[in-house]
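A.B. asks:
Numbering (our numbering), first residue to last: 104 to 616.
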């Protein structure tokens, strides 16, 4: 794990296109300094943080023509998933900033669905891609070329023993698909367990792992997959005020003694029930994200995964950590999300932040499990291509050199602490949770019932935040959770601007209501 430190001196100022001489920074050391607390929760909006980067003027296709093509030539699914009633027509990005075709600037607090890890078009990563594009675009792993091996060595060094064998893919769905196959080949078993509300990909095979109705189709997909209750200590039947590893706990009451968690015992009991009733006595695997992503940044009781792993291994299964959203320092305290649970999985899958937006994924496992994959022949045309490996290698270097893991910890903790004040202020803010810059804010009708805030209300707030210049995401089974997952280069000043905008948007909704 990198022991990163914040490096926000002149070098980082050049990267972000902003002066570091404003409030919130310590000039001598470049370290983040906590600004005055967001105590008064004002409903006026401050000026957007400055940015000296100048985007190019858009001279291409009109917005109207883009929408015509989107409706006529793109699959209807593209239109169906388009965010916002008034879509954002993006033109250019730089670090935490995005510009639309009209030149309007947005603060990106969703990072292309938790994908842009070190910043849009980060100069160092861009330079690495350009350099490799000039040398060699494409070669499959039929051949031996330096970028593949340099990257695999570097990535393996960041994982604990015995997780040292890597297979590179193009996406998280593909990585999880291969992990399913490896688990079944290695164990000789077939059944795999996941959490309800999980998302592990959209391929025909991984849709069996994904347990969320809106992603399901009325056709046979991913046989041999069972789900168990998600140990959600806010929305689930059990939970308290000491359950999770987060700067912010739930508002639920708790009478557990120190070091004892009744909610964890109940959820482990549910997993035991699933193992006793829904799968054979021997299983292939258990899939779990260290913190649910699409599910709404859901966190589990502190010891749940450790006990779950033991139960799965007793039944011949392997344990797979889906780090597609939590990996690469996003949780702040650790480089990998599973490390926060004090477990070592048998396989780790990763994508999204691995390439800062470049299509890339990976399955990392033990030599023994990897050997089972060689029972047949699997060939991937683009996985581990030279450009992807050059980008991935530069991302790892940049995480270390820019101190993004420490930024995630410091700015993320500040964000959650201040968001908890909005939870205390507004009846419709039910829960604030997460670690680092993997944050969820769950919206409810009221705190007593914890019923989800209806989609129409969620969308009002969502649109309002966008209109004030900040992009965030949505998640949860009912779409009731705002997902806060910015690039890991944001500053305290950016955090304060988001907090002011989010507060104002909720205030506006409450006034209209």
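Cβ coordinates follow ideal geometry from the N, Cα and C atoms, glycine included.
Which residues does DSSP list as the beta-bridge partners of residue 619?
C.D. replies: Residue 619 is absent from the model: the chain starts at 104 and stops at 616.
A.B. asks: Alpha carbon to alpha carbon, how far is residue 486 from residue 463?
C.D. replies: Along the chain shown, read from residue 1 onward, the residue named residue 486 stands at position 383. Along the chain shown, read from residue 1 onward, the residue named residue 463 stands at position 360. When rounded, the distance between both Cα atoms is 7 Å.
A.B. asks: State yes or no: is the C-beta of residue 467 within less than 9 Å of the C-beta of residue 259?
C.D. replies: What you label residue 467 is simply residue 364 of the chain shown in a count that begins at 1. What you label residue 259 is simply residue 156 of the chain shown in a count that begins at 1. Yes. Within cutoff.
A.B. asks: Please classify residue 462: does DSSP put it in a helix, a strand, or coil?
C.D. replies: Residue numbering aside, residue 462 sits at position 359 when the chain shown is read from its first letter. Coil, per DSSP.
A.B. asks: Taking the alpha-carbon positions, what's the residue 143 to residue 310 distance?
C.D. replies: Reading the chain shown from its first residue, position 40 is the one you call residue 143. Reading the chain shown from its first residue, position 207 is the one you call residue 310. Since pLDDT at residue 143 reaches only 48, below the 50 mark, its modelled position is unreliable, and no value is offered.
A.B. asks: Who does residue 437 pair with in a DSSP beta bridge?
C.D. replies: Mapped onto the chain shown, residue 437 falls at position 334. Answer is none; residue 437 lacks a bridge partner.
A.B. asks: I need the straight-line Cα distance from residue 556 to residue 244, nearest angstrom please.
C.D. replies: As a working note, residue 556 is residue 453 in the chain shown. As a working note, residue 244 is residue 141 in the chain shown. The straight-line gap from Cα to Cα measures roughly 49 Å.
A.B. asks: Among 152, 187, 383, which residue has its Cα nearest to the Cα of residue 559?
C.D. replies: In the chain shown, residue 559 corresponds to position 456, counting from 1. The residue with the shortest Cα to Cα distance from residue 559 is 187.
A.B. asks: Measure the Cβ-Cβ separation of residue 386 and residue 331 and say whether it is below 9 Å.
C.D. replies: Residue mapping note: residue 386 aligns to position 283 of the chain shown, counting from 1. Residue mapping note: residue 331 aligns to position 228 of the chain shown, counting from 1. Taking 9 Å as the Cβ cut-off, residue 386 and residue 331 do not qualify as a contacting pair.
A.B. asks: Bridge partners for residue 208 per DSSP, in chain order?
C.D. replies: Looking up residue 208 in the chain shown gives position 105. Residue 208 is bridged to 202.
A.B. asks: Please classify residue 241: is it buried, with 16 or more other beta-carbons within 10 angstroms of its beta-carbon, or exposed?
C.D. replies: Locating residue 241 in the chain shown gives position 138, where the first residue counts as 1. Exposed: under 16 other Cβ atoms inside 10 Å.
A.B. asks: Along the chain, where does the alpha helix (DSSP H) containing residue 516 start, and where does it finish?
C.D. replies: Counting from 1 along the chain shown, the entry for residue 516 is found at position 413. Unbroken alpha helix (DSSP H) run through residue 516: 507 to 528.
A.B. asks: Kindly identify the DSSP beta-bridge partner or partners of residue 555.
C.D. replies: Against the chain shown, residue 555 aligns to sequence position 452. Partner(s): 547.
A.B. asks: Expressed to the nearest angstrom, what Euclidean distance is found between the alpha-carbon atoms of residue 273 and residue 527?
C.D. replies: Within the chain shown, residue 273 is the residue found at index 170, counting from 1. Within the chain shown, residue 527 is the residue found at index 424, counting from 1. About 42 Å.
A.B. asks: Which full runs of the beta strand (DSSP E) of 3+ residues lie inside the region 309 to 373, going along the chain?
C.D. replies: Taking only runs of at least 3 residues, the beta strand (DSSP E) segments lying wholly in the region 309 to 373 are 328 to 331.
A.B. asks: Output the distance between the C-alpha atoms of residue 279 and residue 391, rounded to the nearest integer angstrom.
C.D. replies: Residue 279 sits at position 176 when you count from the first residue of the chain shown. Residue 391 sits at position 288 when you count from the first residue of the chain shown. Approximately 11 Å, taken between the alpha carbons.
A.B. asks: Quick check on residue 247: buried or exposed, where buried means 16 or more other Cβ atoms within 10 Å of its Cβ?
C.D. replies: Counting from 1 along the chain shown, the entry for residue 247 is found at position 144. It counts as exposed.
A.B. asks: Leaving out five residues on either side along the sequence, give the residues of the same chain with a beta carbon under 8 Å from the beta carbon of residue 320.
C.D. replies: Sequence index remark: in the chain shown, residue 320 carries index 217 (1-based). Here the set comprises 310.
A.B. asks: If you run the structure through DSSP and keep just helix, strand and coil, what is residue 195?
C.D. replies: As a working note, residue 195 is residue 92 in the chain shown. In the structure shown, residue 195 sits in a strand (DSSP, three-state: E or B).
A.B. asks: Is residue 501 helix, strand or coil when you go by DSSP?
C.D. replies: What you label residue 501 is simply residue 398 of the chain shown in a count that begins at 1. In the structure shown, residue 501 sits in a helix (DSSP, three-state: H, G or I).
A.B. asks: What's the C-alpha gap between residue 302 and residue 202?
C.D. replies: The residue labelled residue 302 in the question sits at position 199 within the chain shown. The residue labelled residue 202 in the question sits at position 99 within the chain shown. For residue 302 and residue 202, the distance between alpha carbons rounds to 30 Å.
A.B. asks: Grab me the residues of residue 419's own chain with a C-beta within less than 7 Å of its C-beta, minus the 5 sequence neighbours each way, in chain order.
C.D. replies: Against the chain shown, residue 419 aligns to sequence position 316. Taken in chain order, the residues that qualify are 290, 292, 385, 386.
A.B. asks: Give me the residue from 481, 591, 610 with the minimum Cα distance to residue 434.
C.D. replies: Working through the chain shown from its first residue, we reach residue 434 at position 331. Comparing Cα-Cα distances from residue 434 to each of 481, 591, 610, the minimum goes to 591.
A.B. asks: In the DSSP assignment, the alpha helix (DSSP H) including residue 414 goes from what residue to what residue?
C.D. replies: For the purposes of this step, residue 414 is taken as the residue at position 311 of the chain shown. Start and end: 407 to 417.
A.B. asks: Cα separation between residue 217 and residue 165?
C.D. replies: Reading the chain shown from its first residue, position 114 is the one you call residue 217. Reading the chain shown from its first residue, position 62 is the one you call residue 165. Cα to Cα, residue 217 sits roughly 28 Å from residue 165.
A.B. asks: Rounded to whole angstroms, what is the Cα-Cα separation between residue 228 and residue 565?
C.D. replies: Within the chain shown, numbered from 1, the residue matching residue 228 stands at position 125. Within the chain shown, numbered from 1, the residue matching residue 565 stands at position 462. Cα to Cα, residue 228 sits roughly 31 Å from residue 565.
A.B. asks: Roughly how many whole angstroms lie between the Cα atoms of residue 314 and residue 160?
C.D. replies: On the chain shown, residue 314 is found 211 positions in, with the first residue counted as 1. On the chain shown, residue 160 is found 57 positions in, with the first residue counted as 1. Taking the straight line from one Cα to the other gives about 43 Å.
A.B. asks: Please report the straight-line C-alpha distance between residue 448 and residue 405, rounded to a whole angstrom.
C.D. replies: Along the chain shown, one-based indexing puts residue 448 at 345. Along the chain shown, one-based indexing puts residue 405 at 302. Looking at the two C-alpha atoms, the distance is approximately 16 Å.
A.B. asks: Determine, using beta-carbon pairs with one atom in the region 220 to 238 and one in the region 497 to 511, whether at least three such pairs fall under 8 Å.
C.D. replies: Flag = yes, the region 220 to 238 and the region 497 to 511 touch.
A.B. asks: So, under 8 Å CB-CB, residue 356 and residue 343 are touching, yes? Tell me the CB distance rounded to an integer number of Å.
C.D. replies: Start at 1 with the first residue of the chain shown, and residue 356 comes out as number 253. Start at 1 with the first residue of the chain shown, and residue 343 comes out as number 240. Going by Cβ atoms, the distance from residue 356 to residue 343 rounds to 7 Å, so yes, they are a contact pair.
A.B. asks: May I ask you to report which of helix, strand or coil DSSP gives residue 493?
C.D. replies: Taking the chain shown and counting its residues from 1, the one referred to as residue 493 is at position 390. Residue 493: helix per DSSP, three-state reduction.
A.B. asks: Give me, in chain order, the residues of the same chain whose beta-carbon lies closer than 6 Å to that of residue 268; leave out the 5 immediate sequence neighbours on both sides.
C.D. replies: As a first step, residue 268 is located in the chain shown; it is residue number 165 there, counting from the start. The residues are 468, 470, 473.
A.B. asks: Measure the CB-CB distance between residue 508 and residue 539 and report whether it falls below 9 Å.
C.D. replies: To locate residue 508, count along the chain shown from 1; it is residue 405. To locate residue 539, count along the chain shown from 1; it is residue 436. Closer than 9 Å, so yes.
A.B. asks: Using only alpha-carbon positions, find the residue among 205, 535, 197, 207 that is nearest to residue 221.
C.D. replies: Counted from its first residue, the chain shown places residue 221 at position 118. Nearest of 205, 535, 197, 207 to residue 221, Cα basis: 197.
A.B. asks: Under a Cβ-count criterion, where at least 16 other Cβ atoms within 10 Å of its own Cβ denotes burial, should residue 428 be classed as buried or exposed?
C.D. replies: Along the chain shown, read from residue 1 onward, the residue named residue 428 stands at position 325. That one is buried.
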